[in-house]
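What follows is one structure encoded as structure tokens, with my remarks underneath.
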Amino acid sequence: MSTAISIRLPEKLVKELDNLATAVERPKTFLVREAIETYLKEYSDYRIALDRLLDKNDKIIKSSELRRMLDL
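Numbers given in our numbering equal positions in the sequence shown, counted from 1, plus 1.
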């Protein structure tokens, strides 16, 4: 099931989206959905990495120790 949402975009962005949709022969909806999915996945990875980086209780190990632990 999908839900419709409404957003306002700057005219320049709409023109770029139109141009891309024409070039790749895909609907704008497809491109917007794909862009949001990609952003959310990458942002969640970024947040996890940033949270771990800022966690003072997270143990920091040397790369050589990590390689040893992974038998590399």
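Don't be surprised by glycine CBs; every beta carbon is placed ideally from N, CA and C.
Simplified DSSP state of residue i, which is helix, strand or coil
{"i": "residue 32", "result": "helix"}
{"i": "residue 16", "result": "helix"}
{"i": "residue 55", "result": "helix"}
{"i": "residue 72", "result": "coil"}
{"i": "residue 10", "result": "coil"}
{"i": "residue 4", "result": "coil"}
Rounded C-alpha distance that separates residue i from residue j
{"i": "residue 8", "j": "residue 67", "result": "45 Å"}
{"i": "residue 5", "j": "residue 73", "result": "49 Å"}
{"i": "residue 22", "j": "residue 42", "result": "22 Å"}
{"i": "residue 19", "j": "residue 53", "result": "39 Å"}
{"i": "residue 25", "j": "residue 65", "result": "45 Å"}
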